[in-house]
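If you read the sequence shown in the working numbering, its first letter stands for residue 572, the second for the next number, and so on.
One structure is given below, encoded as structure tokens.
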Amino acid sequence: MRKILLATLTAGVMSAGVANAVTVSGGTITVSATVQATCSATSANLAFGAYTPGAGAKTGSAAISVKCTKNTPFTVALDKGTTTGGALAQRLMASGTNTLEYNLFTSAALTTVFGDGTGTTATAAGTGTGVSNVVTITAFGNLPDSANNQLAVPGSYSDVVNVSVTY
Numbered sequence: 572m573r574k575i576l577l578a579t580l581t582a583g584v585m586s587a588g589v590a591n592a593v594t595v596s597g598g599t600i601t602v603s604a605t606v607q608a609t610c611s612a613t614s615a616n617l618a619f620g621a622y623t624p625g626a627g628a629k630t631g632s633a634a635i636s637v638k639c640t641k642n643t644p645f646t647v648a649l650d651k652g653t654t655t656g657g658a659l660a661q662r663l664m665a666s667g668t669n670t671l672e673y674n675l676f677t678s679a680a681l682t683t684v685f686g687d688g689t690g691t692t693a694t695a696a697g698t699g700t701g702v703s704n705v706v707t708i709t710a711f712g713n714l715p716d717s718a719n720n721q722l723a724v725p726g727s728y729s730d731v732v733n734v735s736v737t738y
């Protein structure tokens, strides 16, 4: 004979009642940041092209691209260049030991030398419009047909002028 045992499992649920959600203000999170002023400048090139002594002066320009944080005032200065013997008042390009006179100015009128603000030189100023936006400062170049340049030896002449941005 077989015995079958049937068991009934009864799950009991205890009713604890329905809990209501309660929100309590317990504090704050203070979030802060300090935006630092920053500026950068990109290199520019000025090529006077072919110069024939006695055939007249050559002019050109170079666009210096400056990017600064919004509303950051800045000043751009140029040094005398890397050619030995050059000065802010009279920059020089070199081809070996030979030199060729030129200069950079703050305007197309070629009246004020673009330099570091010393002596009779001037700097250029601007205000940043955001680091993704370029403010263009133009340096105007003049390769005069001076007596010294008319004595120039044929060759390829160059100089490197360093750009400084102060903000």
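Ideal placement from N, C-alpha and C gives every residue a C-beta, glycine not left out.
- Message: Need the endpoints of the beta strand (DSSP E) that THR707 sits in, please.
- Response: Along the sequence shown, one-based indexing puts residue 707 at 136. Unbroken beta strand (DSSP E) run through THR707: 706-714.
- Message: Helix, strand or coil, according to DSSP, for ASN720 in the structure here?
- Response: Walking along the sequence shown from the start, residue 720 turns up at place 149. Three-state DSSP puts ASN720 in a helix.
- Run of the beta strand (DSSP E) containing TYR673, from where it starts to where it stops: By one-based count along the sequence shown, residue 673 stands at place 102. In the DSSP annotation of this structure, the continuous segment of the beta strand (DSSP E) that includes TYR673 starts and ends at 669-676.
- Does the separation of the CB atoms of PHE685 and SER632 fall below 8 Å? Position 114 of the sequence shown, counted from the first residue, corresponds to residue 685. Position 61 of the sequence shown, counted from the first residue, corresponds to residue 632. In this structure, SER632 does not lie closer than 8 Å to PHE685 by Cβ.
- Task: Please determine if the segment 699-708 and the segment 636-646 are in contact, where contact requires at least 3 C-beta pairs separated by less than 8 Å.
- Result: As far as the Cβ criterion goes, the segment 699-708 touches the segment 636-646, which means the pair count is three or higher.
- Task: Please name the residue in LEU714, VAL732, VAL734 whose C-alpha comes closest to that of PRO624.
- Result: Residue numbering aside, residue 624 sits at position 53 when the sequence shown is read from its first letter. Of all alpha-carbon atoms in LEU714, VAL732, VAL734, the one lying nearest the alpha-carbon of PRO624 is that of LEU714.
- Item | Simplified DSSP state of ALA634, which is helix, strand or coil | For the purposes of this step, residue 634 is identified with residue 63 of the sequence shown, where counting begins at 1. Residue state, collapsed to three classes: strand.
- Item | Neighbourhood of ASN669 by C-beta distance below 8 Å, restricted to the same chain and skipping five residues each side | In the sequence shown, the residue the question calls residue 669 occupies position 98. Excluding sequence neighbours, ASN669 sits near ALA723, VAL724, GLY726, TYR728.
- Task: Could you have a look at SER666 and say whether DSSP puts it in helix, strand or coil?
- Result: Indexing the sequence shown from 1 puts residue 666 at position 95. Assignment of SER666 by DSSP, reduced to helix, strand and coil, places it in the strand class.
- Item | Nearest-angstrom Cα separation, counted from ASP716 out to ARG662 | Within the sequence shown, the letter at position 91 stands for residue 662. Within the sequence shown, the letter at position 145 stands for residue 716. Rounded to whole angstroms, ARG662 to ASP716 spans 14 Å at the Cα level.
- Query: To which residues of the same chain is ALA696 closer than 8 Å at the C-beta, ignoring the five residues directly before and after it?
  - Reply: Along the sequence shown, read from residue 1 onward, the residue named residue 696 stands at position 125. So the list reads PRO644, PHE645, THR646, VAL647, once near-sequence residues are dropped.
- Query: For VAL734, which residues from the same chain have a beta carbon less than 7 Å from its beta carbon, with the 5 sequence-adjacent residues on both sides left out?
  - Reply: Taking the first residue of the sequence shown as position 1, residue 734 is located at position 163. Taken in chain order, the residues that qualify are ALA612, ILE635, VAL647, LEU649.
- From the DSSP output, in three-state form, read off LYS629 for me. Working through the sequence shown from its first residue, we reach residue 629 at position 58. In the structure shown, LYS629 sits in a strand (DSSP, three-state: E or B).
- Compute the Euclidean distance between the alpha carbons of VAL731 and ALA608, then round it to the nearest angstrom. Numbered from 1 along the sequence shown, position 160 holds the residue referred to as residue 731. Numbered from 1 along the sequence shown, position 37 holds the residue referred to as residue 608. So the two alpha carbons sit approximately 28 Å from each other.
- Task: Using 10 angstroms around the beta-carbon of GLY690, count the other beta-carbons present and answer buried if the total reaches 16, otherwise exposed.
- Result: Numbered from 1 along the sequence shown, position 119 holds the residue referred to as residue 690. Exposed, by the Cβ-count rule.
- In three-state terms, what does DSSP make of ALA608? In the sequence shown, counting from the first residue as 1, residue 608 sits at position 37. Look at ALA608 here: in three-state DSSP terms it is coil, with no helix or strand label.
- Item | Proximity below 8 Å, CB of THR682 to CB of ALA665 | For the purposes of this step, residue 682 is taken as residue 111 along the sequence shown, with counting starting at 1. For the purposes of this step, residue 665 is taken as residue 94 along the sequence shown, with counting starting at 1. Taking C-beta atoms as the reference points, THR682 and ALA665 fail to come closer than 8 Å.
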